[in-house]
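Undergrad:
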Amino acid sequence: VGSDGTKQFTLTMQTGTTEFFEGKKTPTWGINGSYLGPTIRVSRGDKVAFDVVNHLPETSTLHWHGMRLPAAMDGGPHQMIEAGSTWNPSWTIEQPAATTWYHPHLHGKTALHVYRGLAGLFLIEDQDSKKLPSNYGVDDIPIIIQDKMFNGDGSFNESMDLTPFGMLGNQILVNGTYDPYLRITSSQVRFRLLNGSNARAYHIGFSDNRSFYLVGNDAGLLPEPIKMKRILLSPGERAEIVIEFKEGEETILHSFAGKDGIENGEFDLVKLIADQRLTAATPLPQTLTSEPPIEVPADAKVRTFVLTTESAINGKKMDMNRIDEVVPARSREIWEITNKGWDHNFHIHDATFTILDKNGELPPKYERGRKDTVFIPSGTKVRLAVDFGSYPDPTTPYMYHCHLLYHEDSGMMGQFVIV
Ligand code: C2O
Ligand code: CU
Ligand code: CU
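So the mapping is simple: mature numbering (1 follows the signal peptide of the UniProt record, and there is no 0) equals the position in the sequence shown, first residue as 1, plus 25.
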């Protein structure tokens, strides 16, 4: 913390090796370590400043996914950090509590840089979020889910174009660990789930089919907890869930197979082993947040986007020198996205949205909260009520794109400015 109260962080992107399997060394990339990066924890209202140091052998960037901030601080493809140099973004946290994350966004290289291990969580707290289990690492647990494919020598298979969706791995790492377990010490535990995979989607639940409470989507807490058994997360999406445990219980956080394509695998994620004595917990609050819903005016501007099997949006491939959309600061618009191709999802930088409908119907309950990334399966049309940012900058664009990273790298991305 600096003299003016600014919270100062140093993040160093570096190369290393990681022993995911005993006796095998995997060359990896990480932030302040050899794989993944530290969890950054701040409160609403904080001023933050970063030294992002690039000790990699090549240019990268670091994007704050889910953050509301000026475009020049966003860490997208335009904020390149050359090998050996340092980037110094700073901004004030002005958004409700949420589980956000950070990862590189170098155009054409995002998939590879994330896959090698550059990513981490960025948690924002406020009055509301502190009423949930908040003892980080004890009853507030980060769960970063990534799929990988390994070569015989332990190195990553780096075929980013392995399938039409990109890399779909056959092994799971959670928080950079293969076959992990977690000792549960409290009768109520909050998991912050991040799908940090390149392309795979997960139907997350428990091996004993128990229920859990969904308390937050990507961009913040829900009005009230939703009891459920499965949640589907596509790449880049987050969910906060609260699980109740009894003494001595064991279960497994599991991903159940879905339809062919990016949902096709079945995987154990984390074994959970509850102690014989558990710390008692207070009941979950029935009202989680008082943030008002995102409402769009009756005459809201509607923008339409069409996705196909081609890696393009509205037939246009990403062009760093073309601004696709110009959006007034603080506006609320309807973005209508139609997927005529295979499965995709859609993420908008510096924006928060709620899903108005999917194929004309209300989305499933678990997708009704505040979001910044939405799964759009093949043949689906979604309408989003989007709340845009408040930092005008007519020359520095933000991105919107498919978060299947191979699609994004191949050109399924567009640029907008806030004016
Ligand atoms: Cu998570 Cu534009 O990215
Ligand atoms: Cu983002
Ligand atoms: Cu896609």
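Even for Gly, the Cβ is constructed at its ideal location relative to N, Cα and C.
1. Give the DSSP bridge partners of residue 68, in chain order.
2. When DSSP builds the beta bridges, which residues end up paired with residue 386?
3. Cα-Cα, which of 438, 29 and 382 is closest to residue 405?
4. Give, in chain order, every unbroken run of the alpha helix (DSSP H) that is at least 4 residues long and sits entirely within the region 193-263.
5. Please classify residue 235 as buried or exposed, where buried requires at least 16 other C-beta atoms within 10 Å of its C-beta.
6. Does the Cβ of residue 190 lie closer than 8 Å to at least one heavy atom of ligand 3?
7. Among 384, 223, 72 and 334, which has the Cα closest to the Cα of residue 262?
8. Residue 319 to residue 379, Cα distance in whole Å?
9. The beta strand (DSSP E) with residue 314 in it runs from where to where?
10. Work out the CA separation of residue 159 and residue 212 for me, nearest whole Å.
11. Taking a contact to mean a Cβ-Cβ separation below 9 Å, would you say residue 409 touches residue 350 in this structure?
12. Is the beta carbon of residue 117 closer than 9 Å to that of residue 104?
13. Just to confirm my understanding: we take residue 331, look at its own chain, exclude 5 residues before and 5 after, and list those with CB closer than 7 Å. What are they?
14. Measure the alpha-carbon distance for residue 42 versus residue 141 and round it to whole angstroms.
15. Mind listing which residues have their beta carbon within less than 6 Å of any non-hydrogen atom of ligand 3? Chain order is fine.
16. Which residues end up in the neighbourhood of ligand 2 when you take C-beta atoms closer than 6 Å to any of its heavy atoms?
17. On the DSSP bridge list, what partners appear for residue 306?
TA: Reading off the structure:
1. Counting from 1 along the sequence shown, the entry for residue 68 is found at position 43. Answer is 150, bridged to residue 68.
2. Counting from one through the sequence shown, the residue named residue 386 turns up at place 361. 383, per the DSSP bridge assignment.
3. What you label residue 405 is simply residue 380 of the sequence shown in a count that begins at 1. Answer by Cα proximity: 382.
4. none
5. One-based indexing of the sequence shown puts residue 235 at position 210. Flag for residue 235 reads exposed.
6. The residue you call residue 190 lines up with position 165 of the sequence shown. Yes, the Cβ of residue 190 comes within 8 Å of a heavy atom of ligand 3.
7. Counted from its first residue, the sequence shown places residue 262 at position 237. The shortest C-alpha separation from residue 262 is found at 223.
8. Locating residue 319 in the sequence shown gives position 294, where the first residue counts as 1. Locating residue 379 in the sequence shown gives position 354, where the first residue counts as 1. In a straight line, the C-alpha of residue 319 is about 7 Å away from that of residue 379.
9. On the sequence shown, position 289 is the one that residue 314 refers to. Run containing residue 314: none; DSSP gives neither H nor E here.
10. For the purposes of this step, residue 212 is taken as residue 187 along the sequence shown, with counting starting at 1. For the purposes of this step, residue 159 is taken as residue 134 along the sequence shown, with counting starting at 1. In a straight line, the C-alpha of residue 212 is about 13 Å away from that of residue 159.
11. The sequence position of residue 409 within the sequence shown is 384, counting from 1. The sequence position of residue 350 within the sequence shown is 325, counting from 1. Contact: no.
12. Translated into the one-based positions of the sequence shown, residue 104 becomes position 79. Translated into the one-based positions of the sequence shown, residue 117 becomes position 92. No, these two residues do not count as a Cβ contact at 9 Å.
13. What you label residue 331 is simply residue 306 of the sequence shown in a count that begins at 1. Cβ within range, chain order: 339, 363 and 365.
14. As a first step, residue 42 is located in the sequence shown; it is residue number 17 there, counting from the start. As a first step, residue 141 is located in the sequence shown; it is residue number 116 there, counting from the start. Each residue's Cα considered, the two are about 10 Å apart.
15. 369, 427, 429, 432 and 437
16. 88, 90, 372 and 374
17. Within the sequence shown, the letter at position 281 stands for residue 306. Note: residue 306 sits in no beta bridge, so no partner.
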